[in-house]
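Colleague:
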Amino acid sequence: MGTVASAMRAHERLHSKLPPHHGPLPGHRAFLGRDTPLKLDCGAVLADFPVAYQTYGTLNENRSNAILVCHALTGDQFVAEPHPVTGKDGWWSLMVGPGKTVDTNRFFVICANVLGGCMGSIGPAEVNPTTGETWGLRFPIITIADMVRAQAMLLDHLGIQQLFAVIGGSMGGMQVLEWAALFPERVFVAVPIATASHHTAQNIAFHEVGRQAIMADPDWCNGEYWRFGKRPHRGLAVARMAAHITYLSESKLTEKFGRRLQARKALSYGFDVDFQVESYLRHQGITFVERFDANSYLYITRAMDYFDMPARYGGQLANAFRDTKVRFCLISFTSDWLYPTPESRRIVHALNAVAANVSFAEIVSNAGHDAFLLDEPDFRRVLGGFLAGAAQHRGLAAPNSR
Amino acid sequence: MTPRSAPSIRVDLQLIAQMIEPNSRVLDVGCGDGMLLAYLGHVKKVDGRGIELSSEGVNACVSAGLSVIQGDADTDLADYPDAAFDYVVLSQTLQAMRAPRQVLIQLLRIGKRAIVSMPNFAHWRLRMELVFTGRMPRNRVLAEAWHDTPNIHLCTIRDFVALCESIGVMIERALFLNDQGSPSHFGRSLALANLLGEQAVFLLSSQKKVTNV
Numbered sequence: 009m010g011t012v013a014s015a016m017r018a019h020e021r022l023h024s025k026l027p028p029h030h031g032p033l034p035g036h037r038a039f040l041g042r043d044t045p046l047k048l049d050c051g052a053v054l055a056d057f058p059v060a061y062q063t064y065g066t067l068n069e070n071r072s073n074a075i076l077v078c079h080a081l082t083g084d085q086f087v088a089e090p091h092p093v094t095g096k097d098g099w100w101s102l103m104v105g106p107g108k109t110v111d112t113n114r115f116f117v118i119c120a121n122v123l124g125g126c127m128g129s130i131g132p133a134e135v136n137p138t139t140g141e142t143w144g145l146r147f148p149i150i151t152i153a154d155m156v157r158a159q160a161m162l163l164d165h166l167g168i169q170q171l172f173a174v175i176g177g178s179m180g181g182m183q184v185l186e187w188a189a190l191f192p193e194r195v196f197v198a199v200p201i202a203t204a205s206h207h208t209a210q211n212i213a214f215h216e217v218g219r220q221a222i223m224a225d226p227d228w229c230n231g232e233y234w235r236f237g238k239r240p241h242r243g244l245a246v247a248r249m250a251a252h253i254t255y256l257s258e259s260k261l262t263e264k265f266g267r268r269l270q271a272r273k274a275l276s277y278g279f280d281v282d283f284q285v286e287s288y289l290r291h292q293g294i295t296f297v298e299r300f301d302a303n304s305y306l307y308i309t310r311a312m313d314y315f316d317m318p319a320r321y322g323g324q325l326a327n328a329f330r331d332t333k334v335r336f337c338l339i340s341f342t343s344d345w346l347y348p349t350p351e352s353r354r355i356v357h358a359l360n361a362v363a364a365n366v367s368f369a370e371i372v373s374n375a376g377h378d379a380f381l382l383d384e385p386d387f388r389r390v391l392g393g394f395l396a397g398a399a400q401h402r403g404l405a406a407p408n409s410r
Numbered sequence: 017m018t019p020r021s022a023p024s025i026r027v028d029l030q031l032i033a034q035m036i037e038p039n040s041r042v043l044d045v046g047c048g049d050g051m052l053l054a055y056l057g058h059v060k061k062v063d064g065r066g067i068e069l070s071s072e073g074v075n076a077c078v079s080a081g082l083s084v085i086q087g088d089a090d091t092d093l094a095d096y097p098d099a100a101f102d103y104v105v106l107s108q109t110l111q112a113m114r115a116p117r118q119v120l121i122q123l124l125r126i127g128k129r130a131i132v133s134m135p136n137f138a139h140w141r142l143r144m145e146l147v148f149t150g151r152m153p154r155n156r157v158l159a160e161a162w163h164d165t166p167n168i169h170l171c172t173i174r175d176f177v178a179l180c181e182s183i184g185v186m187i188e189r190a191l192f193l194n195d196q197g198s199p200s201h202f203g204r205s206l207a208l209a210n211l212l213g214e215q216a217v218f219l220l221s222s223q224k225k226v227t228n229v
């Protein structure tokens, strides 16, 4: 256990090189690729780059109880603790914690800010040590596979050979699929949730709207806003508003807001906020810009748009999983129209074609794509039951009575 | 997780379980709440998978740690490679398929053997009920009214045997349950089995070979 302890000690705490809106962040930061740099899909190379991550629970002696949680487009490593910038609960604190579905009394949970992110991992908002300047648009284009390769380097750094599970929703689910395809021997179970094996034209279209909103903001300054002490808040907020609609469902919006008016009795016959749904979206936009970097948004949405696993395997997704020993559990939600059930089913069909061990449940919910972040009892039961069964197969002891 | 104690299961499922070798690979098509899969996993240590149409059934199975997918046997069996399983089980489900013949062919493509259990529509009580009441017969295996039943392709034991013959499926074993729910061979007479058997369980393989039931 000496190596893990010393590796843990060696983790640099997050202090420096953060975007100006951040103070020091809690959690760990590892510098990876010192000996063997990371070769990106685009051809560029990253050496000695930071990856910020957070952990919950304790790694067992066999190092067999680690779960990597992969975050979505605008998520970060603060899964199960108050967010250091917004003070809100961690994005999956409903699911991850002592005694919860992903039980940190039993599992050692790791979540790393993705490559290209803006919460301490290398990304366009970080300073390029070679030039001493913020990367900005000189940051290389990254892919979902690059993110996963960086996470694998983090596991090497932590001395973890095989994950018990890799779990993620949305873009996190894409990372899970890449994990199973690129490093099958390092994953015991893979849980891709509310995701797809490639980005559809509709997915790309919505992302392009978001990117154009950012780039149309004069404060974006051709991607060099930091030079002028500016941030493209308006563009980024509009991008978030448009994207947020895709995370909900018509029925959820109707249930939540209907046509109810916001703090007024009658229509204003103007362009102020008349409707509650407008107020809600504006709030979503405004609170998002506090914690997110506009260029990061460009880079990460691009990585998702480039995601196309079947294309990489000769048009046959099944080829990505041939002879896989990984046990899969796919979960989709009935009202998710961003990554609808047929997308998950396509993956299930590919896994069946190679006779992989796969479970697949479609959860009834009207919460849309965001259902995976919310309190959905059926979802929790299915995921919890699957993990418990898999843990038994892996020979992981049940947690001691709490 | 405390180990599950061996679940007690229906007699027809026990008959199915008897036909399955330990440590084999099993696909249960229409696995419901996973009762058979859990039993097989526990008692026979099989590597078990399931397909189930209802989300309640799937959620129950996956929550119990079983490898089950939400899917439709009429369409989703086509995905699996040839001989992916030692046994493919279709328990009390063939009569609910849109295309039973195609499903049967698929079962024997993806499984080295198939085990099919089915209600026998030629059981003497059902025959009597139809003759004397003129209404669609019902019993404890076929409990729903004609308008509520998922069973759209009911058949008799003879019908099933004829279907197997027509597509070159060999019946390796056949077991029958009488209306007391007890297994019986009915003196190895197909006619008697078709009259007195309320349910049948067949162990099938695809080698063409003439066999007696």
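As given, the protein sequences belong to chains F and X, one line each in that order. First residue of the first sequence: 9, per this note's numbering; consecutive thereafter. First residue of the second sequence: 17, per this note's numbering; consecutive thereafter. Where a beta carbon is used, it is the ideal one built from N, C-alpha and C, also for glycine. Every value quoted in this text rests on a predicted model; they were computed, and no experiment measured them.
#1: Rounded to whole angstroms, what is the Cα-Cα separation between His19 (chain F) and Val117 (chain F)?
#2: If Ser107 (chain X) and Gly66 (chain X) are in contact, beta carbons under 8 Å, what's the gap, nearest whole angstrom?
#3: Would you say Gly360 (chain F) reaches chain X, if we count a Cβ-Cβ gap shorter than 8 Å as a contact?
#4: Alpha carbon to alpha carbon, how far is Ala189 (chain F) from Thr109 (chain X)? Give it in angstroms, no decimals.
#5: Classify Pro19 (chain X) as buried or exposed, calling it buried when 16 or more other Cβ atoms lie within 10 Å of its own Cβ.
#6: Give the single residue among X:Glu37, X:Val42, X:Phe192 whose Cα lies nearest to the Cα of Asn136 (chain X).
#7: What beta strand (DSSP E) runs, 3 residues minimum, are completely inside the stretch 346-405 of chain F?
#8: Please check the pair Asn365 (chain F) and Asp95 (chain X), which I expect to be a contact at CB under 8 Å, by giving their CB distance rounded to whole angstroms.
#9: Lys333 (chain F): which of F:Gln183, F:Asp225, F:Phe191 sits nearest, CA to CA?
#10: Going by DSSP in three states, His36 (chain F) sits in which element: helix, strand or coil?
#11: Helix, strand or coil for His206 (chain F) per DSSP?
#12: Output, in chain order, the set of chain F residues within a Cβ distance shorter than 8 Å of Asn39 (chain X).
#13: Confirm, please, whether the CB-CB distance from Gln170 (chain F) to Ala120 (chain F) is below 8 Å.
#14: Tell me which residues share the same chain as Val156 (chain F) and place their Cβ nearer than 7 Å to its Cβ, disregarding the 5 neighbours each side in the sequence.
#15: Shorter than 8 Å from the beta carbon of His29 (chain F) to some beta carbon of chain X?
#16: Touch check for the stretch 82-92 of chain F and the stretch 28-48 of chain F: three-plus C-beta pairs under 8 Å?
#17: Suppose the cutoff is 6 Å on Cβ atoms and the five residues either side in sequence are ignored; what does the same chain contact list for Pro106 (chain F) look like?
#18: Taking Phe171 (chain X) and Leu220 (chain X) to be in contact with their CB atoms under 8 Å, please state how far apart those CB atoms are, rounded to whole angstroms.
#19: Check whether the stretch 220-237 of chain F and the stretch 280-291 of chain F touch, using three or more Cβ-Cβ pairs below 8 Å as the test.
#20: Does any residue of chain F bring its CB to less than 8 Å from the CB of Asp49 (chain X)?
#21: To the nearest angstrom, how far is it from the Cα of Arg194 (chain F) to the Cα of Gly57 (chain X)?
#22: Rounded to whole angstroms, what is the Cα-Cα separation between Gly218 (chain F) and Gln122 (chain X)?
#23: Measure the alpha-carbon distance for Ser222 (chain X) versus Phe147 (chain F) and round it to whole angstroms.
#24: Quick one, which residues of the stretch 366-390 of chain F are near chain X if we go by CB-CB under 7 Å, in chain order?
#25: One question on the structure: do Ser259 (chain F) and Ser343 (chain F) come within less than 8 Å of each other, judged by their Cβ atoms?
#26: Mind reading off the beta-carbon distance from Leu53 (chain X) to Val104 (chain X)? Whole number of angstroms is fine, and I expect it under 8 Å.
#27: Let me know if Ser70 (chain X) comes out buried or exposed under the rule of 16 or more other beta-carbons within 10 Å of its beta-carbon.
#28: Which residues mark the beginning and the end of the alpha helix (DSSP H) in which Leu102 (chain F) is found?
#29: Can you tell me which residues form a DSSP beta bridge with Thr142 (chain F)?
#30: Grouping DSSP H, G and I as helix and E and B as strand, with all else coil, what is Leu22 (chain F)?
#31: Comparing the C-beta of Asn75 (chain X) with each C-beta of chain F, is any distance below 8 Å?
#32: Where DSSP assigns a beta bridge to Asp316 (chain F), which residues make up the other side?
#33: Among F:Pro348, F:Arg299, F:Ala369, which has the Cα closest to the Cα of Gly95 (chain F)?
#34: Any chance the stretch 171-181 of chain F sits against the stretch 63-76 of chain F, with 3 or more Cβ pairs inside 8 Å?
#35: For the stretch 96-127 of chain X, list every residue whose C-beta sits within 9 Å of some C-beta in chain F, in sequence order.
#36: Determine the direct distance from the alpha carbon of Phe341 (chain F) to that of Asp316 (chain F), and round the result to whole angstroms.
Modeller: Result, derived from the coordinates:
#1: Within the first sequence, residue 19 (chain F) is the residue found at index 11, counting from 1. Within the first sequence, residue 117 (chain F) is the residue found at index 109, counting from 1. With a pLDDT of only 36 at His19 (chain F), under the threshold of 50, the placement of this residue in the model should not be trusted; the figure read from the coordinates follows. Computed Cα separation, rounded: 16 Å.
#2: By 1-based counting over the second sequence, the position of residue 107 (chain X) is 91. By 1-based counting over the second sequence, the position of residue 66 (chain X) is 50. Not a contact, Cβ separation roughly 11 Å.
#3: Numbered from its first residue, the first sequence carries residue 360 (chain F) at position 352. According to the sequence as given, residue 360 (chain F) is Asn; it is not Gly. For Asn360 (chain F), at least one C-beta of chain X is nearer than 8 Å to its own C-beta.
#4: Indexing the second sequence from 1 puts residue 109 (chain X) at position 93. Indexing the first sequence from 1 puts residue 189 (chain F) at position 181. Their backbone Cα atoms lie some 35 Å apart in a straight line.
#5: Your numbering for residue 19 (chain X) matches position 3 in the second sequence. Residue placement at Pro19 (chain X) is flagged as unreliable, the pLDDT there being 42, under the threshold of 50; the coordinate-derived value follows with that caveat. Exposed: under 16 other Cβ atoms inside 10 Å.
#6: Position 120 of the second sequence holds residue 136 (chain X). Comparing Cα-Cα distances from Asn136 (chain X) to each of X:Glu37, X:Val42, X:Phe192, the minimum goes to X:Phe192.
#7: Restricting attention to beta strand (DSSP E) runs no shorter than 3 residues, the stretch 346-405 of chain F encloses them at 365-371, ordered along the chain.
#8: In the first sequence, residue 365 (chain F) corresponds to position 357, counting from 1. In the second sequence, residue 95 (chain X) corresponds to position 79, counting from 1. In fact, because the Cβ distance is near 14 Å, the residues do not count as touching under 8 Å.
#9: Numbered from 1 along the first sequence, position 325 holds the residue referred to as residue 333 (chain F). For the options F:Gln183, F:Asp225, F:Phe191, the alpha carbon positioned closest to that of Lys333 (chain F) is the one of F:Phe191.
#10: Sequence index remark: in the first sequence, residue 36 (chain F) carries index 28 (1-based). In the three-state reduction of the DSSP assignment, His36 (chain F) falls in the strand class, which pools E and B.
#11: Translated into positions along the first sequence, residue 206 (chain F) becomes position 198. Three-state result, His206 (chain F): strand.
#12: Here residue 39 (chain X) is taken as the residue at index 23 of the second sequence, counted from 1. The contacting residues do not exist; Asn39 (chain X) stays about 15 Å from chain F at best.
#13: For the purposes of this step, residue 120 (chain F) is taken as residue 112 along the first sequence, with counting starting at 1. For the purposes of this step, residue 170 (chain F) is taken as residue 162 along the first sequence, with counting starting at 1. Their beta carbons are not under 8 Å apart, which means Ala120 (chain F) does not touch Gln170 (chain F) by this criterion.
#14: Your numbering for residue 156 (chain F) matches position 148 in the first sequence. So the qualifying residues of the chain are Gln183, Glu186, Trp187, Leu190.
#15: To locate residue 29 (chain F), count along the first sequence from 1; it is residue 21. Its pLDDT being 45, under 50, His29 (chain F) is placed unreliably by the model, and nothing is read from it.
#16: Contact between the stretch 82-92 of chain F and the stretch 28-48 of chain F is present, because at least three Cβ pairs lie under 8 Å.
#17: Along the first sequence, read from residue 1 onward, the residue named residue 106 (chain F) stands at position 98. Around Pro106 (chain F): Thr112, Asn113.
#18: Translated into the one-based positions of the second sequence, residue 171 (chain X) becomes position 155. Translated into the one-based positions of the second sequence, residue 220 (chain X) becomes position 204. Strictly speaking, residue 171 (chain X) in this sequence is Cys, with Phe absent from that position. About 15 Å separates the beta carbon of Cys171 (chain X) from that of Leu220 (chain X), a gap too long to meet the 8 Å contact definition.
#19: Contact between the stretch 220-237 of chain F and the stretch 280-291 of chain F is absent, because fewer than three Cβ pairs lie under 8 Å.
#20: Residue mapping note: residue 49 (chain X) aligns to position 33 of the second sequence, counting from 1. The beta-carbon of Asp49 (chain X) is placed no less than 8 Å from the nearest beta-carbon of chain F.
#21: Within the first sequence, numbered from 1, the residue matching residue 194 (chain F) stands at position 186. Within the second sequence, numbered from 1, the residue matching residue 57 (chain X) stands at position 41. Each residue's Cα considered, the two are about 26 Å apart.
#22: Locating residue 218 (chain F) in the first sequence gives position 210, counting from the first residue. Locating residue 122 (chain X) in the second sequence gives position 106, counting from the first residue. Approximately 46 Å between the Cα atoms of the pair.
#23: Against the second sequence, residue 222 (chain X) aligns to sequence position 206. Against the first sequence, residue 147 (chain F) aligns to sequence position 139. Rounded to the nearest whole angstrom, the C-alpha separation of Ser222 (chain X) and Phe147 (chain F) is 60 Å.
#24: So the list reads Val366, Ser367, Phe368, Ala369, Glu370, Val372, Asp386, Arg389, Val390, given in the order they occur along the chain.
#25: For the purposes of this step, residue 259 (chain F) is identified with residue 251 of the first sequence, where counting begins at 1. For the purposes of this step, residue 343 (chain F) is identified with residue 335 of the first sequence, where counting begins at 1. Against a cut-off of 8 Å, the Cβ pair of Ser343 (chain F) and Ser259 (chain F) comes out as a contact.
#26: What you label residue 53 (chain X) is simply residue 37 of the second sequence in a count that begins at 1. What you label residue 104 (chain X) is simply residue 88 of the second sequence in a count that begins at 1. Separation of the CB atoms of Leu53 (chain X) and Val104 (chain X) is rounded to 13 Å, and the pair is thereby denied contact status at 8 Å.
#27: Start at 1 with the first residue of the second sequence, and residue 70 (chain X) comes out as number 54. By the beta-carbon neighbour count (other beta carbons within 10 angstroms, threshold 16), Ser70 (chain X) is exposed.
#28: Mapped onto the first sequence, residue 102 (chain F) falls at position 94. Per DSSP, Leu102 (chain F) belongs to no alpha helix (DSSP H) and is neither H nor E.
#29: Here residue 142 (chain F) is taken as the residue at index 134 of the first sequence, counted from 1. Answer is F:Val135.
#30: Stepping through the first sequence from its first residue, residue 22 (chain F) is reached at position 14. Interpretation of Leu22 (chain F) is limited by its pLDDT of 35, a score under 50 that renders its predicted location unreliable; the figure taken from the coordinates is listed afterwards. Residue state for Leu22 (chain F) is assigned as coil, using DSSP reduced to three classes.
#31: Position 59 of the second sequence holds residue 75 (chain X). Residue-level contact by beta carbon holds for Asn75 (chain X) and chain F, with a gap shorter than 8 Å.
#32: As a first step, residue 316 (chain F) is located in the first sequence; it is residue number 308 there, counting from the start. DSSP lists F:His206 as partners of Asp316 (chain F).
#33: On the first sequence, position 87 is the one that residue 95 (chain F) refers to. Comparing Cα-Cα distances from Gly95 (chain F) to each of F:Pro348, F:Arg299, F:Ala369, the minimum goes to F:Arg299.
#34: With a cut-off of 8 Å on Cβ pairs, the stretch 171-181 of chain F is in contact with the stretch 63-76 of chain F, counting three or more such pairs.
#35: If the cut-off is 9 Å between Cβ atoms, the stretch 96-127 of chain X has Tyr96, Pro97, Ala100, Phe101, Ile126 near chain F.
#36: For the purposes of this step, residue 316 (chain F) is taken as the residue at position 308 of the first sequence. For the purposes of this step, residue 341 (chain F) is taken as the residue at position 333 of the first sequence. Cα to Cα, Asp316 (chain F) sits roughly 21 Å from Phe341 (chain F).
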